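Protein chains in written order, with UniProt numbering: chain A, 1 to 264; chain B, 1 to 200.
The structure appears below as structure tokens.
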């Protein structure tokens, strides 16, 4: 069988050392989705791949695959962007880790999805710029759930159809992936995580807005935390496990100050 | 029918648990041990058996050592006011090979890796703060790798130690020796230009 050669763009989501000098990479590609590839000699070569194969690197790659069941071989890589700010800011680094972990847990090898690829690229691009890191994480999770088939139903109560508006407070059921109104909570014994009408409206807008315009959304802190809370819990339900990086995302929000016993 | 004798199979399984060693390499190593004189296998097993009993972490720098403090921390000729912070014991060995660093070390035993559940509390960062608070340190040289997790850890340390009563320095980063700059990526080249040093 003749080997197939694939040229595409992709973002490195994982790197693992293999043997003396190789690297096994998980790349989320524009064509072909999540792909695993081996980069021979990548850890020792000073020229071929020199420091291009870093976590979160956005590359143009050439992959050679002998047959559909074999691991692809990375033949060439050209760096488009390194998202340098992710290494210089611990909060952005941790936010990127949440996005990376969620993507790795929610996708499978070879499932091509150009929308997920575009969203990943959008998220790392904005983490590398000025957008608040929690806003990027929240918007990523909201859209990514949609793309993997778990779009949160935010237009009305999933039980009675009572439509959402800014004057009402709803709950969000992670089991049903949708809103539950106050009356259904009390009469039908449904439970949900509290969500204000304003947060629901913001999430509805963010679900359908073109990706390129998402950066325009100005999200008040209260709404952002409410939205993150439900998306984190919903993600835990969808994945069947928690996102490990979330613990550190939460802890980086608390500033650490040290009382130095000695003076300069 | 069992092709591989159980004792050999067990050794292959155990060697295969080591990083970077698959079953094929483990088989090759196990057969190599088997072909050598019996004394070699006995020496190897004795060395492995004594490993945990004889080696401990130095209570000062957290390097692996047979004594506490380790040879480097106990060496009065070295500069205890300069402390080089590294990720792993292997990094200490690499810097020692250069013979150009005469200070002490502090080993973090890892880098920040949220996806693996490794946060600041899992590294030897509190111990570094305690060391600075002891008043013996004048300069901290952060020598974590230039990888994404290494740089993120360095950035975290730089933020954390911003007001510490010590001079804070970072290992220089740029073009490796023997490299043609045509092959350097633009980030490395940009960093090398930013970190340029006086030539005269």
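Each residue gets a CB set at the ideal place from its N, CA and C atoms; glycine is no exception.
In this text the structure is predicted, and so the values were computed from the model without any measurement.
Cross-chain neighbours of residue i in chain B, by beta carbon under 9 Å
i, result
"residue 18(A)", "20, 22"
"residue 50(A)", "176, 179, 183, 184, 185, 188"
Three-state class that DSSP yields for residue i in the structure shown
i, result
"residue 167(A)", "coil"
"residue 191(A)", "coil"
"residue 43(A)", "coil"
"residue 167(B)", "strand"
"residue 9(A)", "strand"
"residue 4(A)", "strand"
"residue 18(B)", "coil"
"residue 196(A)", "strand"
"residue 3(B)", "coil"
"residue 246(A)", "helix"
"residue 254(A)", "coil"
"residue 124(B)", "coil"
"residue 202(A)", "helix"
"residue 269(B)", "The structure shown does not extend to residue 269(B), since chain B spans only 1 to 200, so no value can be given for it."
"residue 84(A)", "coil"
"residue 148(A)", "coil"
"residue 89(A)", "coil"
"residue 32(B)", "helix"
"residue 178(B)", "coil"
"residue 162(B)", "coil"
"residue 219(A)", "coil"
"residue 24(B)", "helix"
"residue 37(B)", "coil"
"residue 260(A)", "coil"
"residue 270(A)", "Because chain A in this structure spans residues 1 to 264, residue 270(A) falls outside the shown range and cannot be described."
"residue 149(B)", "helix"
Beta-carbon neighbours of residue i, restricted to chain A and to distances below 9 Å
i, result
"residue 32(B)", "None at all; the shortest Cβ gap to chain A is about 16 Å."
"residue 117(B)", "244, 245, 247, 248"
"residue 129(B)", "258, 260"
"residue 155(B)", "87, 88, 89, 90, 93"
Per DSSP, cross-strand counterpart(s) of residue i
i, result
"residue 63(B)", "Partner(s): none; residue 63(B) has no beta bridge."
"residue 180(A)", "171(A)"
"residue 109(A)", "For residue 109(A), which the question treats as bridged, DSSP gives no partner whatsoever."
"residue 157(A)", "179(A)"
"residue 56(B)", "65(B)"
"residue 139(B)", "82(B), 167(B)"
Where residue i meets chain A, residues with beta-carbon distance less than 8 Å
i, result
"residue 148(B)", "54, 55, 56, 86, 87, 93"
Within chain B, partners of residue i - CB distance below 8 Å
i, result
"residue 82(A)", "185, 187"
"residue 100(A)", "115"
Neighbour list for residue i in chain A, Cβ cutoff strictly below 7 Å
i, result
"residue 152(B)", "87, 90, 93"
"residue 89(B)", "Under the 7 Å cutoff, chain A gives no residues; its nearest Cβ is about 17 Å from residue 89(B)."
"residue 164(B)", "260"
Under 7 Å by beta carbon: chain B residues contacting residue i
i, result
"residue 251(A)", "119"
"residue 97(A)", "114, 115"
"residue 79(A)", "185"
For this session: Taking 8 Å as the threshold, find out whether the region 190-203 of chain A comes into contact with the region 104-122 of chain A through three or more Cβ pairs.
Result: no
Problem set entry | Completely contained beta strand (DSSP E) runs for the region 74-118 of chain B, where each covers 3 or more residues | 79-86, 103-107
For this session: Please confirm if the region 102-116 of chain B is in contact with the region 86-98 of chain A, defined as three or more CB-CB distances below 8 Å between the two stretches.
Result: yes
Exercise. Curious, which full-length beta strand (DSSP E) runs of at least 3 residues does the region 14-81 of chain A contain?
Worked result: 22-29, 33-39, 58-65, 72-81
For this session: Would you be able to state if there are at least three C-beta pairs under 8 Å between the region 15-28 of chain B and the region 49-67 of chain B?
Result: no
Exercise. Should the region 90-108 of chain B be called in touch with the region 218-226 of chain A, which here means at least 3 C-beta pairs below 8 Å?
Worked result: no
For this session: Pair every Cβ in the region 136-155 of chain A with every Cβ in the region 61-75 of chain A, then say whether three or more of these pairs are closer than 8 Å.
Result: no
Exercise. If we count Cβ pairs, one from each stretch, closer than 8 Å, do we get three or more for the region 167-175 of chain B versus the region 136-147 of chain B?
Worked result: yes
Problem set entry | Contact between the region 155-175 of chain A and the region 233-245 of chain A (3+ Cβ pairs under 8 Å) | yes
Exercise. Is the region 202-215 of chain A touching the region 112-126 of chain A, taking contact as three or more C-beta pairs under 8 Å?
Worked result: yes
For this session: Determine contact between the region 154-165 of chain B and the region 180-189 of chain B, defined as no fewer than three beta-carbon pairs at a distance below 8 Å.
Result: no
Problem set entry | the region 6-19 of chain A / the region 50-65 of chain A touching (three or more Cβ pairs under 8 Å) | yes
For this session: Take every Cβ of the region 71-81 of chain B, pair it with every Cβ of the region 97-105 of chain B, and state whether three or more of those distances are shorter than 8 Å.
Result: yes
Exercise. Should the region 157-166 of chain A be called in touch with the region 179-186 of chain A, which here means at least 3 C-beta pairs below 8 Å?
Worked result: yes
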